[in-house]
Amino acid sequence: MMLTPPFNLHHPTTVDEACALAARLLEEGRPFDWVAGGTDLLPNYKWHIETKPDVISLARIEGLDAIETDRIGCMVRLHDLAISEVAHPLIATAASKVASSLIRRSATLGGNLCLDTRCFWFNQSEDWRRSIDWCHKADCGSGAECRVIPNQNTLCVATYQGDLAPSLLVLNATVELIGPSGARTLPLRDFFQLDGITRNVLKPGEFLLMVHLPEDAAKRRGAYRKLRVRESWDFPEAGVAASWVPGDVSSLRLASTGLESIPGVHDALVADHGDWTLPEGRRELAEAVKGAVKPVNNTALPPRYRKAMVSVLAARAMGDLMEEV
Amino acid sequence: MSTGYRQQPGSTGEATRTDGKRVAGKLRFQPPGSGGSKPVASPRDLDAIPESVGGREPQPAGHHVHDGLRTGTSVGRPTALVDANAKVTGQAWYGDDVRLANEVIGRILRSPHHYARIRSIDTSAAEAMPGVLAIATGEDAPDTFGVLPVTKDEHAMAVEKVRHVGDLVACVAAVDEATAMEAMNAIVVDYEVLNPEFDPRKGLEDVDEPIHWRGKYHVGKTNVQKRVHQAFGDRSAIDHAAATSRRAWRFEGVHHGFTEPHAVVAHWDANGRLQLYTPQQVPHYTHRALATVLKVPMHQINVIRTFVGGGFGGKSDPFPHEMCAAILARKCGRPVRITFDREEVYWINRGRHPSYIEVKLDADKDGRIAGLDVDALIDGGAFASFGHVTSYYNGVLATAPYELGSFHYTGARVWTNKPASGAMRGHGAVNTRCAVEVGLDDIAEQLSVDPISLRLANLLPPHSRTISGFRITSNGMREALRRVKEESGWDQKFRRMPLGKGIGIGCGFFISGSGLPIHWDPNRFPHATVHLQIDMDGGVTVHTGAADIGQGSTTAVAQVVSEVLGLPLEMIHVRSHESDTSPVDLGSYSSRVTFMNCNAAIRAAMEVREQLLDAAWDMLGYHPSTLVLVDRRIVYKHDPSISVSYLEALHKAQEDKGALIARGAYRSPPMGGVHKGAAAGLAPAYSFSAYVAEVDVDIETGLVKCTRVWAAHDCGKALNPLAVEGQIIGSCHMGLGQVLSERMVYGRTGHLQNANLLQYQIPSVHEMPHVTPIIVESSDPEGPFGAKEAGEGPLLPVLPAVCNAVYDAIGVRPSSLPLTPDVVWSDIQKRMKAEGVADPLDLTSPRLVHGPLQASLDERAAEHAGRDSARQRTDDTSPYVNGVLFGFDPERPLEEQAMGWASIDDPDPAKMAEMGYAGRAWLLKEQRHMGGDE
Ligand SMILES: Cc1cc2nc3c(=O)[nH]c(=O)nc-3n(C[C@H](O)[C@H](O)[C@H](O)COP(=O)(O)OP(=O)(O)OC[C@H]3O[C@@H](n4cnc5c(N)ncnc54)[C@H](O)[C@@H]3O)c2cc1C
Ligand code: SF4
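These protein sequence lines are chains W and U, in that order. Note that the first sequence covers residues 0 to 324 in numbering that gives the first Met the number 0. Note that the second sequence covers residues 0 to 933 in numbering that gives the first Met the number 0.
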């Protein structure tokens, strides 16, 4: 049987308490993880991946599970998001495509954005990883190299496979982070960091408190296309979200997931290409998005195929936008 | 007034339900002791009594030997499995549910290397840890074992070498799991790493260190474990082939994916006997292997089969962890429990072999199958397991349901440094079947005929013999094809649907019980034995060794006993868990249980029935031939008011001897030819099936979705139609997994990359199509009440039906499984390139314009339909052997009639090497022919 190593589970009930607790653990040099729904963290713990002696749960902090049109708390469960009438329909749709109905009952928005990157050399049991002599991301002190792109000991290219990020990106969401040194807000696109290990800009002790949406988000129509083999459980092998303010061709935004260590933002390509509302323009733009991503071989389907599918998904997502007008 | 009595606390009052179902906690019995005190018998349900004995149940195939035993009680009625209540209420005790006083936890240390020599193992640090009670290594059990007596190549733990990542190295018993794991990690093993091999194609090459060594029988210095060859028929017809289909396939390995991981508890009791609890399909072989490895006589071991949470072939080998638990328990004097995590389940594997299969089909100008050539190279992984048999099955189970002009098979199984392959539902037949059925579709297309017509015009009839000498008895193939064609609306859909939508056909053929008991001569011991016992209370206890693995074998046994004795199912109690009390049974594999075990049970029940009828004769004065059994009464046929209750008759029968005890056994009839490997694939009966599948293919992404399946299976007689339908639907799900998404992914370093249920992609409920199960009943003359298997055969046709539907949808014919979207997509890209099409949406899907052959095939099929129904009813009992379609006289040996008719044991290596990888294995020499053993 797989045994999760023991850890101290802390249950702060306010944000302040959580920050104070984090500060104290940091001071004492005790490494810890945040846990929200646990659907990502705990499977990794079962596999003995980077387990920590302390875990702080955000579950009992009040007020983090509110859904409003302009903001969504980090502890909102994806199930609630998927059936919400308040949340932007694009976010609800994207949430409904995550994992399975059972998992969505626990899974949270914050956990989805802070999702650990994935790789089939890494999401494995301890015995398994020992059999490949570890890898750079969790090298257990061995100095092992990356198994996907060897001969470079600086970067992990594990894949970010969260489903919600691209939809939030095309709605221009910002995230509010909070920690012992206070709160800060930044655009979601600046939240992610191109490194499979650090993943994002969260500083030690900081956590993601809230997602904010700009006013214009409500005017936007969106679409999200996800590539997966099974309609349940499977992480996105590629995903493309698109949104626009209906009628305004230049307002198109595109973002992708499941292809690199961070979600991709492709807005810049829109300006460089012709009218995407016409099939030809759409195809060109979709090809351009495909050209902008560099998937590697560490998920279920081969990178060549996933890359090729980006243009199909992008074209279809844009097509979906057109249909809704 | 209430006639019921309290069965369980809380259930009081009248058992009233209008829907005929039972109120929970209520049995349909009168107060205790009665067992049927109603003075008059309820009338027999004539709808459940066969025509031939005066009932109204239709019998298109005519009289069956068991007709006279029918009481209309259980057989043919949709019946909830008798252990269903235990399962839905959580009372079923699976492997890991067993809890014994004082038990401790065992863990297994596994190899981190693919292939290595063990220089030393230092367990001292682990032993010194508090809470560690015992440690064992390969030295503790040097004897080998294996499911087949001819290939015992496994140890409880590695001796000398480890052969795959996850191979067992040592085991630890400790007070809890955390301590056991810590101790495990404290064991220091010094390995000398050897060169591993993962590619089965390289298994034919000489290497420094073959994975096993077979002495003088070793093939060169290669990793070939077994090679087989068979050839029959007249090869000359191939030279004038009107159509030829030749395809080289690649099938990835798949795993059973059962719900319950392996778990075992071993306990040496106060008298020093081993009590071993394990979810086994084949407890008897475990029993034997334990005796060998532990060096104790079999009678000092009691193997207790727990409930089995799914097996599908994956729990039918004796397993090393079963030995480990017993060894640890013996060392520490306390019960030891070992429960696998999912990853360990993949390490022990025994799934379907990854295979390279080449199939060549030749059809002559009359649309007859002049030649079927199969070459199968199968990847056995690190151990033999059932592989010896698998090597044969990959070829010989393709010799029906079609009549063949010639058949040629070369097969080889090689060792690689991967977890061992073994038996899995549809053992050995699935991959080749897929390749053959897809090949037939190709042939039909080349001949411009409908593929169902092609099949209907080439079927072997009932009561015939295959080219390899298998005796075919009942055969519902034609009926199955007819039904799926009709119900699917085939003629309106095939080659007529728009791009991306397709429909396809596939057939199947499978053994209903292996004719040869692996461990003994069938002439010396029966395949199955059943004991019946009835004491004063009137309840019937059935002792059987048949292992219910969820397929419902316990229910089937209870049903046939209930049927023969005219007793409600609730009065039949099946005891099958312990080897101490159950007669030896070969276990649940090769789809043998219903056929063999129910036959044995019927015989035992007949013996009891006779005693009861004799007693009634005494009491009523009417001869047994004029008495019938109805619900708990024995009645004079011609005047139902003359009767005795079952209990009265029973007590009369018990007067002088006490409890009634009876025994029944089953032995298969002598069958088969004399050529090498003639026994492989022999079965007392065979099942047949035909499926039609409909798919949607996303032409841009290559995603295949199976939307509908019409699944017709000939199970002889559905003893329990509910269970048969369940097997058909379940088989569809499992087969779809293999055709759409399941595969064991061995990456570039040879590691199994997806040893978990997230990445090993078993279809979810969303991927499950709507399945219409169609039961075909051909009434097998030797089957219990006519029944044949329904557990494995129904899996076979799904794969080719989907592949053929994909071709119908997008004009791309698969040659590897699974059809993951990337694979289909690159096939689509290839087609686009070949046709110079830029946008996949501009592709066209294939169309069919019937050629001149179509009419003659239809004519032949119509003629054969008449022939078959006469033979089925045994109106026509003339001999029929494969070859009659080609003009041969069934009364004379074929060798005399055709120049070059072959039935070869001595192959010509050069010829065989033409075909494929396995054929090339015959170019190699065994050590004994190379000038001595090394
Ligand atoms: C079988 C299975 C299938 C899945 N399929 C999908 C899928 O299709 N698509 C998909 O997107 N995901 C999938 N997931 C992953 C996961 O379920 C979801 O991403 C989920 O939203 C994660 O949320 P959580 O609250 O459970 O995260 P947790 O496991 O609690 O946390 C995940 C990570 O984020 C950190 N974290 C959590 N909350 C915060 C916060 N507020 N601030 C800072 N850090 C935080 C944790 O420390 C941890 O590192 C799947 C998981 C499983 C087990
Ligand atoms: S991408 Fe490289 S470093 Fe990162 S998890 Fe995979 S193998 Fe390890």
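Glycine is no exception: its CB is placed at the ideal position from the N, C-alpha and C atoms.
Open item on the list: Quick check on the burial criterion: 16 or more other C-beta atoms within 10 angstroms. Buried or exposed for W133 of chain W?
Closed with: For the purposes of this step, residue 133 of chain W is taken as residue 134 along the first sequence, with counting starting at 1. Buried, since its Cβ has 16 or more Cβ neighbours within 10 Å.
Task: Minimum C-alpha distance to T543 of chain U - residue among U:D520, U:S41 and U:H576 - done: Taking the first residue of the second sequence as 1, we reach residue 543 of chain U at position 544. Ranking U:D520, U:S41 and U:H576 by Cα distance to T543 of chain U puts U:H576 first.
Open item on the list: Excluding the 5 residues flanking G32 of chain U on each side, which residues of the same chain have their C-beta closer than 6 Å to its C-beta?
Closed with: Locating residue 32 of chain U in the second sequence gives position 33, counting from the first residue. With a pLDDT of only 43 at G32 of chain U, under 50, the local geometry of the prediction cannot be trusted, and no value is derived from it.
TODO: Using a threshold of 9 Å, state whether the C-beta atoms of H254 of chain U and G350 of chain U are closer than that.
DONE: Here residue 254 of chain U is taken as the residue at index 255 of the second sequence, counted from 1. Here residue 350 of chain U is taken as the residue at index 351 of the second sequence, counted from 1. With contacts defined as CB atoms closer than 9 Å, H254 of chain U and G350 of chain U qualify as a contacting pair.
Task: Enclosing beta strand (DSSP E) for P186 of chain W [first to last residue] - done: In the first sequence, the residue the question calls residue 186 of chain W occupies position 187. Element bounds for P186 of chain W: G181 to P186.
TODO: Keeping to the same chain, check which residues put their C-beta closer than 8 Å to that of S141 of chain W; ignore five residues upstream and five downstream.
DONE: As a working mapping, residue 141 of chain W is identified with position 142 in the first sequence. For S141 of chain W, the CB contacts under 8 Å within the same chain, skipping 5 residues up- and downstream, are D132 and W133 in chain order.
Open item on the list: Between the alpha carbons of L40 of chain W and S166 of chain W, how many angstroms are there, rounded?
Closed with: Taking the first residue of the first sequence as 1, we reach residue 40 of chain W at position 41. Taking the first residue of the first sequence as 1, we reach residue 166 of chain W at position 167. When rounded, the distance between both Cα atoms is 23 Å.
Task: Amino acids of chain U, ordered along the chain, whose beta-carbon sits closer than 9 Å to that of L320 of chain W - done: Mapped onto the first sequence, residue 320 of chain W falls at position 321. Result: empty, since nearest Cβ-Cβ is about 18 Å, beyond 9 Å.
Open item on the list: Quick check: is any heavy atom of ligand 1 less than 8 Å from the C-beta of M74 of chain W?
Closed with: For this step, residue 74 of chain W is matched to residue 75 along the first sequence. The answer is yes for M74 of chain W.
Task: Length of the line joining the Cα atoms of A678 of chain U and T258 of chain U - done: In the second sequence, the residue the question calls residue 678 of chain U occupies position 679. In the second sequence, the residue the question calls residue 258 of chain U occupies position 259. Each residue's alpha carbon lies about 33 Å from the other.
Task: Listed by chain order, chain W residues near S740 of chain U by CB distance under 7 Å - done: Position 741 of the second sequence, counting from 1, holds the residue named residue 740 of chain U. Per Cβ cutoff of 7 Å: V228 and R229.
- [ ] Please report the residue range of the beta strand (DSSP E) in which G178 of chain W lies.
- [x] Start at 1 with the first residue of the first sequence, and residue 178 of chain W comes out as number 179. Segment T173 to G178, the beta strand (DSSP E) holding G178 of chain W.
Open item on the list: Restricting to Cα atoms, I'd like to know which of U:E321, U:G505 and U:K330 is closest to Y401 of chain U.
Closed with: Your numbering for residue 401 of chain U matches position 402 in the second sequence. For the residues U:E321, U:G505 and U:K330, the minimum Cα distance to Y401 of chain U belongs to U:G505.
Task: Option nearest F509 of chain U by Cα separation, candidates U:Q871, U:N430 and U:T415 - done: By one-based count along the second sequence, residue 509 of chain U stands at place 510. Nearest C-alpha to F509 of chain U: U:N430.
Open item on the list: Measuring straight from C-alpha to C-alpha, what distance separates E670 of chain U and H320 of chain U?
Closed with: Here the question's residue 670 of chain U lines up with position 671 in the second sequence. Here the question's residue 320 of chain U lines up with position 321 in the second sequence. Reading off the sequence shown, one finds Met at residue 670 of chain U, where the question assumed Glu. Rounded to the nearest angstrom, the two C-alpha atoms are 37 Å apart.
Open item on the list: Nearer than 8 Å: is that true of the beta carbon of V169 of chain W relative to any heavy atom of ligand 1?
Closed with: Within the first sequence, numbered from 1, the residue matching residue 169 of chain W stands at position 170. For ligand 1, not one heavy atom lies less than 8 Å from the Cβ of V169 of chain W.
Open item on the list: When you compare the CB positions of S235 of chain U and V388 of chain U, do they come within less than 9 Å of one another, or not?
Closed with: For this step, residue 235 of chain U is matched to residue 236 along the second sequence. For this step, residue 388 of chain U is matched to residue 389 along the second sequence. No, these two residues do not count as a Cβ contact at 9 Å.
TODO: Entirely within the segment 332–375 of chain U and at least 3 residues each: give me those beta strand (DSSP E) ranges in chain order.
DONE: As for any beta strand (DSSP E) of minimum length 3 sitting wholly inside the segment 332–375 of chain U, the runs are 335–338 and 354–362, ordered along the chain.
Task: Burial state of G9 of chain U, where buried means 16 or more other Cβ atoms lie within 10 Å - done: As a position in the second sequence, residue 9 of chain U is number 10, starting the count at 1. For G9 of chain U, the predicted structure reports a pLDDT of 42, less than 50, and the residue's modelled location is therefore unreliable. A value from the coordinates is still provided. Counting the other CB atoms within 10 Å of its CB gives G9 of chain U a total below 16, which places it among the exposed residues.
Task: Counterpart residues of N1021 of chain U in DSSP-defined beta bridges - done: Since the first residue of chain U shown is 0 and the last is 933, residue 1021 of chain U is not available in this structure.
TODO: Would you identify the three-state DSSP class for Y879 of chain U, choosing helix, strand or coil?
DONE: Taking the second sequence and counting its residues from 1, one reaches residue 879 of chain U at position 880. Coil.
Task: the segment 648–662 of chain U in contact with the segment 528–539 of chain U per 3-pair CB rule at 8 Å - done: yes
Open item on the list: Output needed for R947 of chain U: all residues of its chain with C-beta closer than 8 Å, excluding positions within five of it in sequence on either side, in chain order.
Closed with: Shown here, chain U extends from 0 to 933; a query on residue 947 of chain U therefore has no answer.
Task: chain W contact residues for R109 of chain U, given Cβ-Cβ distances below 9 Å - done: Residue 109 of chain U sits at position 110 when you count from the first residue of the second sequence. Going along chain W in sequence order, the residues near R109 of chain U (Cβ under 9 Å) are D126 and S130.
- [ ] Compare the C-beta of P301 of chain W with all C-beta atoms of chain U and state if any pair is closer than 9 Å.
- [x] For the purposes of this step, residue 301 of chain W is taken as the residue at position 302 of the first sequence. Yes - at least one Cβ of chain U is within 9 Å of the one on P301 of chain W.
TODO: For the beta strand (DSSP E) containing Y665 of chain U, list its first residue and its last residue.
DONE: Residue numbering aside, residue 665 of chain U sits at position 666 when the second sequence is read from its first letter. Counting along the chain, the beta strand (DSSP E) containing Y665 of chain U begins and ends at L659 to Y665.
Open item on the list: Contact defined as beta carbons within less than 8 Å: I believe A285 of chain W pairs with A314 of chain W. What is the distance between those atoms, to the nearest angstrom?
Closed with: The residue given as residue 285 of chain W occupies position 286 in the first sequence. The residue given as residue 314 of chain W occupies position 315 in the first sequence. Indeed they touch by this definition, with Cβ atoms about 4 Å apart.
Task: D976 of chain U, DSSP secondary structure in three states - done: Look at the range of chain U in this structure, 0 to 933, and you will see that residue 976 of chain U is not part of it.
TODO: Can you pull the chain U residues whose beta carbon is under 7 Å from the beta carbon of M308 of chain W, in chain order?
DONE: Numbered from its first residue, the first sequence carries residue 308 of chain W at position 309. Neighbours of M308 of chain W on chain U, chain order: T700.
- [ ] Put V634 of chain U into one of helix, strand or coil per three-state DSSP.
- [x] Locating residue 634 of chain U in the second sequence gives position 635, counting from the first residue. Strand, per DSSP.
Task: Contact under 9 Å by Cβ, F524 of chain U with L681 of chain U - done: Within the second sequence, the letter at position 525 stands for residue 524 of chain U. Within the second sequence, the letter at position 682 stands for residue 681 of chain U. No, Cβ-Cβ distance for F524 of chain U and L681 of chain U is not below 9 Å.
Open item on the list: Quick check: the segment 823–841 of chain U against the segment 743–757 of chain U, are at least 3 beta-carbon pairs closer than 8 Å?
Closed with: no
Task: Bounding residues of the beta strand (DSSP E) (the contiguous stretch that carries A506 of chain U) - done: Mapped onto the second sequence, residue 506 of chain U falls at position 507. Inspection of the sequence shows that residue 506 of chain U is occupied by Cys rather than by Ala. Its beta strand (DSSP E) spans residues K500 to I510.
Open item on the list: Using 9 Å as the threshold, is the C-beta distance between H1011 of chain U and R662 of chain U below it?
Closed with: This structure cannot speak to residue 1011 of chain U, because chain U is shown only from 0 to 933.
Open item on the list: For P278 of chain U and V307 of chain U, what's the separation of their Cα atoms in angstroms?
Closed with: Taking the first residue of the second sequence as position 1, residue 278 of chain U is located at position 279. Taking the first residue of the second sequence as position 1, residue 307 of chain U is located at position 308. If you take the alpha carbons of P278 of chain U and V307 of chain U, they lie about 5 Å apart.
Open item on the list: With three or more beta-carbon pairs closer than 8 Å as the criterion, would you say the segment 773–790 of chain U touches the segment 59–66 of chain U?
Closed with: yes
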